[in-house]
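Here's the structure, in C-alpha cells; my notes come after.
Residue numbers (UniProt numbering): 1 to 127.
Listed below in C-alpha cells is the structure:
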C-alpha cells in the first residue's frame with residue numbers, strides 16, 4: 001500500500017474522492033505543515049518552513065490509485081516541466097505517519113487560505 005496525505009478535493013466526502021475510492025484501503029486523520037492557497041474549486045498546498053498546520057487525511061491506496069491521483073493532479077514525474085504539482089515525501093506533525101503529498105509548484109497570484117482546513121474554507125465560501 002502507498003500512503004498519501006490529502007487535504008482538498010480527494011478528502012472523504014469531497015468532489016474528487018471518487019477518483020481514489022476504488023483503490024482506497026485505509027483512511028486516518030492527519031496533519032502536516034504548510035500553507036493552503038485557493039485555486040477556485042480546489043486548494044493548493046505549499047510547503048513552508050514555519051509551523052502552520054494543514055489538516056487532512058492519510059489515505060492508503062494501491063499503485064493504480066496513485067496513478068489515478070497523478071493524472072488528476074497533472075503530475076508527470078519528478079521535476080517534469082508540465083507538472084502542476086510536485087509529489088514529495090512528508091511526515092505527519094506527530095511523526096507517526098509519512099507518505100506522499102502533492103504540492104503546488106508556485107503560489108504566485110493565489111489567495112492564501114486563512115486557517116488549516118479546506119473543508120472549513122469551502123463551507124465559508126458557499127455562505
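Even glycine gets a Cβ: it sits at the ideal position worked out from N, Cα and C.
The beta strand (DSSP E) enclosing residue 25, as first and last residue numbers
24-33
Can you have a look at residue 92 and say buried or exposed, based on whether 16 or more other CB atoms are within 10 angstroms of its CB? buried
**Asked** Does DSSP classify residue 126 as helix, strand or coil?
**Response** helix
Just tell me which of 113, 81, 65 has its CA closest to the CA of residue 4. 65
Inter-residue Cα distance where the pair is residue 81 and residue 75:
10 angstroms
Practice prompt. Out of 32, 126, 13, 117, point me to the one whose CA is closest to residue 95's CA.
Written response: 32
Would you say the stretch 23-31 touches the stretch 45-52, given that touching needs at least three Cβ pairs under 8 angstroms?
no
Q) residue 17 to residue 108, Cα distance in whole Å? A) 27 angstroms
### Query
Between residue 25 and residue 71, which are expected to be in contact by the criterion C-beta below 8 angstroms, what is the C-beta distance as a whole number of angstroms?
With 8 angstroms as the limit, residue 25 and residue 71 do not qualify as a contact, their Cβ atoms being about 19 angstroms apart.
Fill in: Closest residue to residue 111 among 99, 89, 68, 125 (Cα-Cα distance)
125
As an exercise, report each continuous alpha helix (DSSP H) stretch of at least 4 residues that is fully enclosed by the UniProt domain "Gamma-glutamylcyclotransferase AIG2-like" (4-119), in chain order.
17-20, 63-72
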